[in-house]
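What follows is a set of notes on a single structure, which appears directly below.
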Amino acid sequence: MRVVDEKAIDGKFPAVGETIDVLVVGAGDAGCQAAREAAAGGASVVLADENPLDPALMGLDVPLAFGGRMDGAVQNRERMTERLVLARPALAEAYEAGIDVRLGTTIWGIFPESAESRALAGLTVGLEDGRRCWMARARRVVLATGARDLMLGFAGCDRPGVIGARALDALLHRYQAFAGRRLLVLGSGSEGLRVAIAAHRAGVTVAGIVEPGAQAEGPAELVAEVAELGLALLTRYVLVEAAGNAEGVTSARLAALDDEGRVLAGGEREVGCDTICLAIAAVPAIELAAAAGAALRFEGTLGGHVPVLDEAGRTSVGGLEMVGAAAGVPADHPAAPDAWPYPERWLAALIASGGLEVPCCRCESVTRADVLGVRPPAYLEARSGPIAARDLGRLLADGPPNQDQVKRLTRSGMGECQGRRCREQTALLLARGAGVAPGRIPLASYRAPVRPLPLALLADDAETEAMRAGWDAWFGIPTQWTPWWDIGTERDGLGRDAGLGDTWHL
Ligand SMILES: Cc1cc2nc3c(=O)[nH]c(=O)nc-3n(C[C@H](O)[C@H](O)[C@H](O)COP(=O)(O)OP(=O)(O)OC[C@H]3O[C@@H](n4cnc5c(N)ncnc54)[C@H](O)[C@@H]3O)c2cc1C
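The numbers in the numbering used here rise by one with no breaks, and the one at position 132 of the sequence shown is 119.
This is the structure we're talking about:
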């Protein structure tokens, strides 16, 4: 007798709306070049980029830390598209080369055929363009998704005006929509020096470049350029607080540091500025590759976790390739593979100046002390009993530090920015607390959708009755539908006893 598992997923996938030969994700320099090369080789190519971004997402610091410093122009999609095309002549060239260029189109997930999902053929891709959400099948996908900024916490880091270097660069050059006038840059590596020079050239006053070390981190030619332009390099300083009001940052309070990195008493100074730019490190945008299950490795000199690639740029997932900054952003100096010296130096300096009671995860109000104390944020009011007794030391007694576990226990990284502002900071803190190199902290999982998707768009995706019937069981954890307050009580499993099967909801 043939037995059919009614809850099997086979044959119940969302309909595939289109078939793409080569899909290039990200239309920066690397993506435009990859698209042109694929088209020159005779392939039919789709080049998709999420820009112009939805201003509501920009307000959530997705995908870059815009810090609320966009001017009103970002509300006008047509104007933003025009500026984007003007800023990137390679886009027009791609159109002319017959490439199907899709702006305002986000790839939110890539689902490869695997041992667990043999029913998927090749690479299934989730797309969204603000009006609809659909699935496509692609023969080859090239990820040219760029990088985002490493964000670290300090008092006042949640004020409007705290921005990332790549976000500032995008507002200045891609959109011409930067609303600030006076800028303080944190970090004197290539990233910091370049963004300071670029902002100065764009007419923004650069109030200073802050560096905790004794000298600039970046290359001599950029340091010389900064000096020529008369931009102030504030070595042996660190930020204490972004001071301001409801409108945002109005000044930065800095502390002087001694040769050992300790705060010098009486060495404080105040710098007037409306924007504080974190330009400490760029982090490769690996989320799609990670969520698709591509093999990754930690390489601090490339910006943290990067894909494992062969000489042709292929990841471990068949048909999936990576190019440009997404594959790694070279650091200014060599280091051991599992170290990440410049961010580590910055975190140490910020802890010296601001202590532990400052935000780490801003979305969930988790402080550095909460992460190291492995406790949920204060607003949950759940810190008594065993939770109060918990700390990183106790957790480490059970095994090596695990960021996914710490995320569940502290909520650090669970917020609406999808961990973009705290993911690396949490890992750096765990490494510091555990006394291991940052590369020893396993990467916290990424999951699709890698961008917040409006439910209205997802809800439009037709879900068949056959899909709905098996939905809960596909997760394989029936008890997830038991409310936590019933777990371990006589009510645990009541639904099953009541004949509701494994799929009961409360
Ligand atoms: C201020 C500043 C100055 C710099 N100056 C120099 C310089 O002088 N020389 C130099 O070599 N480098 C410089 N760099 C670095 C350089 O800008 C980057 O290395 C380069 O932009 C990386 O190109 P890319 O194509 O890999 O990524 P990007 O240009 O970042 O493009 C990636 C694109 O992919 C899009 N994207 C990401 N994920 C998705 C998704 N899921 N769906 C759809 N779209 C997505 C992004 O929005 C973005 O548009 C500078 C950087 C900064 C910040």
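Note that beta-carbon positions come from the ideal geometry of N, C-alpha and C, so glycine has one too.
Asked: Count Cβ pairs between the region 317 to 326 and the region 122 to 131 that sit closer than 8 Å; are there 3 or more?; Found: no
Asked: For the beta strand (DSSP E) containing PRO346, list its first residue and its last residue.; Found: 346 to 348
Asked: Go to GLY360, then tell me how far its alpha helix (DSSP H) extends in each direction, as first and last residue.; Found: 355 to 360
Asked: Can you list the beta strand (DSSP E) stretches of 3 or more residues lying completely in the region 255 to 335, in chain order?; Found: 256 to 259, 262 to 265, 269 to 271, 283 to 286, 291 to 294, 307 to 309
Asked: Measure the alpha-carbon distance for ARG161 versus ALA74 and round it to whole angstroms.; Found: 6 Å
Asked: Going by C-alpha to C-alpha distance, which of PHE53, ARG153, VAL129, ASP391 sits closest to ALA14?; Found: VAL129
Asked: Can you tell me where the beta strand (DSSP E) with TYR224 in it begins and where it stops?; Found: 224 to 232
Asked: Is VAL353 near ligand 1 - that is, is its Cβ less than 6 Å away from at least one heavy atom of it?; Found: no
Asked: Please state the DSSP three-state secondary structure of MET401.; Found: coil
Asked: Counting C-beta neighbours from all protein chains within 10 Å, is the total for ARG381 16 or more, i.e. buried, or is it exposed?; Found: exposed
Asked: Can you tell me whether DSSP reads LEU479 as helix, strand or coil?; Found: Leu is not the amino acid found at residue 479; the sequence shown has Asp there. Three-state DSSP puts ASP479 in coil, outside helix and strand.
Asked: Measuring alpha carbon to alpha carbon, tell me which residue in GLY151, LEU221, GLU411, ALA369 is nearest PRO50.; Found: GLY151
Asked: So what does DSSP say about ILE374, is it helix, strand or coil?; Found: helix
Asked: Helix, strand or coil for MET454? Go by DSSP, reduced to three states.; Found: helix
Asked: In the DSSP assignment, find the beta strand (DSSP E) that holds VAL11 and state where it starts and stops.; Found: 3 to 12
Asked: Determine the DSSP secondary structure at GLU115, reduced to helix, strand or coil.; Found: strand
Asked: Which partner residues does GLY522 have in the DSSP bridge list?; Found: This structure cannot speak to residue 522, because the chain is shown only from -12 to 493.
Asked: Tell me whether VAL182, by its Cβ, gets closer than 6 Å to a heavy atom of ligand 1.; Found: yes
Asked: Exposed or buried, which one is THR451 when buried takes at least 16 other CB atoms within 10 Å?; Found: exposed
Asked: What are the complete alpha helix (DSSP H) segments, minimum 4 residues, inside the region 70 to 96?; Found: 76 to 83
Asked: Give me the residue from MET401, GLY372, ASP385, ASP325 with the minimum Cα distance to VAL358.; Found: MET401
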